[in-house]
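In our numbering, the protein residues as written are 9 to 253. No residue lacks a Cβ here, since even glycine has one placed at the ideal position from N, Cα and C. Here is the structure we will look at, set down as structure tokens.
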Ligand code: G3P
Ligand code: MG
């Protein structure tokens, strides 16, 4: 039976503050076989894991990540907005997450958040770090910035890429081929069973996001997707175990 990757979206973000080490560790406990995370770059060129371009929503601080140094970013409390018991959780670096996963077989989906700020040089830094950790085979880059994915492929053909999109793209497998991408990271509404079959014929995997409804998970599993990105890796793990995946 086909293995389906259970990607924990920002870690176990339903029960932990998103994109923190607590969230990533918890997702592994809950049965995730993959982790999705978002990378942004600091003023001093460091790669940090936070969804928004600004720290306002997930810390008590304010400002753009691009205007702060790693030291300033690391001083922020990224846990207590979610719950008192998470007080003191930090905004992790990409290296910290790679270290956590180095000795495991978890797949890592690194979403490059370079759609609003371009973060010149970020792709090269991410590629170098992934290679340094020897994790190229277990990483999938994704981005809404498809120029960036083309660039990633040009400097690191061995690392898989997936196009992120929110629209009803026409024949997304053909478009993905034009970008040199391996996977379709589609909003899940844009995924129909016949699309999954045709994408597979063209060698493209579907990794829809963000799927939190168990009935929708089941339908996508039946359609034959290769992975599902969810805030509830425990629920997805249960469904996958029931089908014997
Ligand atoms: O990678 C899937 C999903 O994370 C894309 O949207 O905004 O949650 O990063 P967002
Ligand atoms: Mg994301």
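Inter-residue Cα distance where the pair is residue i and residue j
| i | j | result |
| --- | --- | --- |
| residue 138 | residue 117 | 11 angstroms |
| residue 185 | residue 206 | 13 angstroms |
| residue 217 | residue 248 | 17 angstroms |
| residue 93 | residue 29 | 14 angstroms |
| residue 211 | residue 204 | 10 angstroms |
| residue 77 | residue 126 | 17 angstroms |
| residue 181 | residue 95 | 43 angstroms |
| residue 55 | residue 156 | 16 angstroms |
| residue 188 | residue 231 | 24 angstroms |
| residue 208 | residue 240 | 26 angstroms |
| residue 81 | residue 192 | 32 angstroms |
| residue 134 | residue 85 | 24 angstroms |
| residue 169 | residue 69 | 33 angstroms |
| residue 24 | residue 250 | 26 angstroms |
| residue 33 | residue 107 | 12 angstroms |
| residue 225 | residue 15 | 12 angstroms |
| residue 199 | residue 38 | 26 angstroms |
| residue 242 | residue 36 | 9 angstroms |
| residue 228 | residue 175 | 18 angstroms |
| residue 245 | residue 61 | 31 angstroms |
For residue i, the three-state DSSP class (helix, strand or coil)
| i | result |
| --- | --- |
| residue 94 | helix |
| residue 197 | helix |
| residue 166 | coil |
| residue 243 | helix |
| residue 181 | helix |
| residue 189 | coil |
| residue 127 | coil |
| residue 175 | coil |
| residue 226 | helix |
| residue 110 | coil |
| residue 23 | coil |
| residue 86 | coil |
| residue 11 | coil |
| residue 154 | helix |
| residue 141 | coil |
| residue 133 | helix |
| residue 122 | coil |
| residue 161 | helix |
8 angstroms contact criterion, which residue i and residue j should meet: CB distance rounded
| i | j | result |
| --- | --- | --- |
| residue 237 | residue 115 | Contact doesn't hold; Cβ gap of about 11 angstroms is too wide. |
| residue 121 | residue 46 | 5 angstroms |
| residue 190 | residue 163 | With a Cβ gap of about 16 angstroms, residue 190 and residue 163 do not count as contacting. |
| residue 31 | residue 42 | Actually they are not in contact, since the Cβ atoms of residue 31 and residue 42 sit about 14 angstroms apart, beyond 8 angstroms. |
| residue 104 | residue 66 | So it is not a contact: roughly 16 angstroms between Cβ atoms. |
Residues bridged to residue i [DSSP beta-bridge criterion]
| i | result |
| --- | --- |
| residue 48 | 56 |
| residue 16 | 43, 238 |
| residue 117 | 44, 148 |
| residue 72 | 62 |
| residue 217 | 195 |
| residue 101 | 56 |
Residue range of the unbroken beta strand (DSSP E) whose run includes residue i
| i | result |
| --- | --- |
| residue 150 | 147 to 151 |
| residue 63 | Element bounds for residue 63: n/a, residue is neither H nor E. |
Extent of the continuous alpha helix (DSSP H) to which residue i belongs
| i | result |
| --- | --- |
| residue 78 | 78 to 82 |
| residue 29 | 29 to 37 |
Contact with chain D by residue i, beta-carbon distance below 8 angstroms
| i | result |
| --- | --- |
| residue 62 | The structure shown contains no chain D; it is built from a single protein chain. |
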